[in-house]
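Q: My structure is below; once you've seen it, I'll send some questions.
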Amino acid sequence: MDSTVTDADIHHPTDPGLLADAIRRVTRRARQLHAAIQKAPIAIRDRARSVKRRILEIGKVLKRRTGEALTEVRRITEEVAKIGLSQGRAVAQLLDAAKKQIAMEDQVAAHRIARVTDALQDLKTVIRQSRAATAGERIPDRMVSVADHDARPIKKGQRGQPVPLGYKVQITEAENGFVTDYSVHTGNPPDAEALGPALDRHRAQFGRDPDIVATDRGDDSARNQQEGRDRDMGTIAIPKRGKKSEARLLEGRTPAFRRAQRWRRGSG
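With the first letter of the sequence shown counted as 1, position 243 gets the number 978 in this note's numbering; the numbers rise by one all the way through.
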């Protein structure tokens, strides 16, 4: 059993880029709703040119690679955020008018209202994130795409490597490399939490526990070790994290343990 990361189909996020995406998305959806209202209280302007001009300006500023350039980028990013705030206020007024004029029995209109509401919420989120980043605040569970809300940056692997954006995938393989089970997770939950559910799914699928379980040390926990002992399994090859006791050292040297780990790494 191993974990990996599958990339989401999104472009690399930056605060100005996310703001631009959110503004473009809410504008497009709001204009579709605007067309369905007879007496719209406010026009929904296309802010694309204003936003694009500032995004291009950021690209020119970044070529200077100085501390002053970073300050300038923050200033321009805040300008984009203010455009987003202004657009958000206009869209909110449009939504209020739409809810008063359009009967909720009109499913097409109700669907448009829901889409605009979602896009407006995304815009508010990325504005809040952008300002928090400028203030140097930590942003937990950060949105990295308005097109894929569940994609997350997942730190996995060597330092210095680009952090992938997507989903964590737990993969279970049997002999000859056949994948017997997989699970997809949002964010980066601990590997150790996935072992028990994977064993339950294996038992449900095949009617019994596997003869051999081999994982990396990310799955090591007292709970997983105990669960391995409680189940009817022959070899449990989970390397110990940190300092090993004499018993765990001896366990790791047994032929069965080594065989299982070689097989997991594809070398046995």
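For glycine and all other residues, C-beta sits at the position ideal for the given N, C-alpha and C.
At which residues does the beta strand (DSSP E) containing ALA870 begin and terminate?
A: Numbered from its first residue, the sequence shown carries residue 870 at position 135. Where ALA870 is concerned, there is no enclosing beta strand (DSSP E), given that its DSSP letter is neither H nor E.
Q: Should THR762 go down as buried or exposed, given a rule of 16 or more other Cβ atoms within 10 Å for buried?
A: For the purposes of this step, residue 762 is taken as residue 27 along the sequence shown, with counting starting at 1. The residue is buried, with at least 16 neighbouring Cβ atoms inside 10 Å.
Q: Between the stretch 779-788 and the stretch 844-851, do three or more beta carbon pairs fall short of 8 Å?
A: The answer is no - the stretch 844-851 does not touch the stretch 779-788, with fewer than three Cβ pairs under 8 Å.
Q: Roughly how far, in whole angstroms, is the beta-carbon of ALA972 from the beta-carbon of PHE992, given that I think they are within contact range, below 8 Å?
A: Position 237 of the sequence shown, counting from 1, holds the residue named residue 972. Position 257 of the sequence shown, counting from 1, holds the residue named residue 992. Contact holds; Cβ gap of about 5 Å.
Q: Determine the direct distance from the alpha carbon of GLY963 to that of ARG943, and round the result to whole angstroms.
A: Reading the sequence shown from its first residue, position 208 is the one you call residue 943. Reading the sequence shown from its first residue, position 228 is the one you call residue 963. Taking the straight line from one Cα to the other gives about 13 Å.
Q: Can you tell me whether VAL732 is buried or exposed, with buried defined as 16 or more other CB within 10 angstroms of its CB?
A: The requested residue 732 is not part of the displayed model; the chain covers only 736 to 1003.
Q: Kindly provide the ranges of any beta strand (DSSP E) runs that are 3 or more residues long and lie completely inside the stretch 900-936, ordered along the chain.
A: DSSP runs (the beta strand (DSSP E)) wholly in the stretch 900-936: 900-908 and 914-920.
Q: Does the stretch 820-831 come close enough to the stretch 853-861 that 3 or more CB-CB pairs lie under 8 Å?
A: Cβ pair count under 8 Å is three or more, so yes.
Q: Tell me the DSSP secondary structure of SER980 in three-state form.
A: Taking the first residue of the sequence shown as position 1, residue 980 is located at position 245. Residue state, collapsed to three classes: coil.
Q: Which of helix, strand or coil does DSSP assign to ILE971?
A: Counted from its first residue, the sequence shown places residue 971 at position 236. DSSP places ILE971 in strand when its eight states are reduced to three.
Q: Helix, strand or coil: which one does DSSP assign to ASP737?
A: Taking the first residue of the sequence shown as 1, we reach residue 737 at position 2. Here ASP737 sits in strand by DSSP.
Q: Would the beta-carbon of GLN996 fall within 9 Å of that of ALA949?
A: Stepping through the sequence shown from its first residue, residue 996 is reached at position 261. Stepping through the sequence shown from its first residue, residue 949 is reached at position 214. Yes, they are a contact pair.
Q: By how many angstroms is the C-alpha of ASP955 removed from the C-alpha of PRO1085?
A: Lying before the first or after the last residue shown, residue 1085 is absent from the chain, which here runs from 736 to 1003.
Q: Would you say SER980 reaches chain B, if we count a Cβ-Cβ gap shorter than 9 Å as a contact?
A: Included in the structure is just one protein chain, with no chain B present.
Q: Here's the rule I'm using: 16 or more other beta-carbon atoms within 10 Å means buried, otherwise exposed. How should VAL740 be labelled?
A: Walking along the sequence shown from the start, residue 740 turns up at place 5. The residue in question, VAL740, is buried, as its Cβ has 16 or more Cβ neighbours within 10 Å.
Q: Would you decide whether GLN773 is buried or exposed? Buried here means 16 or more other CB atoms lie within 10 Å of its CB.
A: If you number the sequence shown from 1, residue 773 lands on position 38. Exposed is the call here.
Q: So, helix, strand or coil for ALA771, using DSSP?
A: Taking the sequence shown and counting its residues from 1, one reaches residue 771 at position 36. Reduced to three states, the DSSP call for ALA771 is coil.
Q: If you draw a straight line from the C-alpha of GLN960 to the C-alpha of ARG766, how long is it?
A: Translated into the one-based positions of the sequence shown, residue 960 becomes position 225. Translated into the one-based positions of the sequence shown, residue 766 becomes position 31. Between GLN960 and ARG766, the C-alpha separation is close to 57 Å.
Q: Which one or two residues does DSSP pair with ASP954 in a beta bridge?
A: Residue numbering aside, residue 954 sits at position 219 when the sequence shown is read from its first letter. According to DSSP, ASP954 bridges with nothing at all.
Q: Measure from the alpha carbon of ARG850 to the alpha carbon of each residue in ARG994, THR970, ALA757 and ALA743, then state which is nearest.
A: Along the sequence shown, read from residue 1 onward, the residue named residue 850 stands at position 115. Ranking ARG994, THR970, ALA757 and ALA743 by Cα distance to ARG850 puts ALA757 first.
Q: Can you pull the DSSP bridge partners for ALA949?
A: Within the sequence shown, numbered from 1, the residue matching residue 949 stands at position 214. BP columns for ALA949 point to ALA972.
Q: Do the CB positions of ALA838 and ALA775 come within less than 9 Å of each other?
A: Against the sequence shown, residue 838 aligns to sequence position 103. Against the sequence shown, residue 775 aligns to sequence position 40. Contact flag unset, no.
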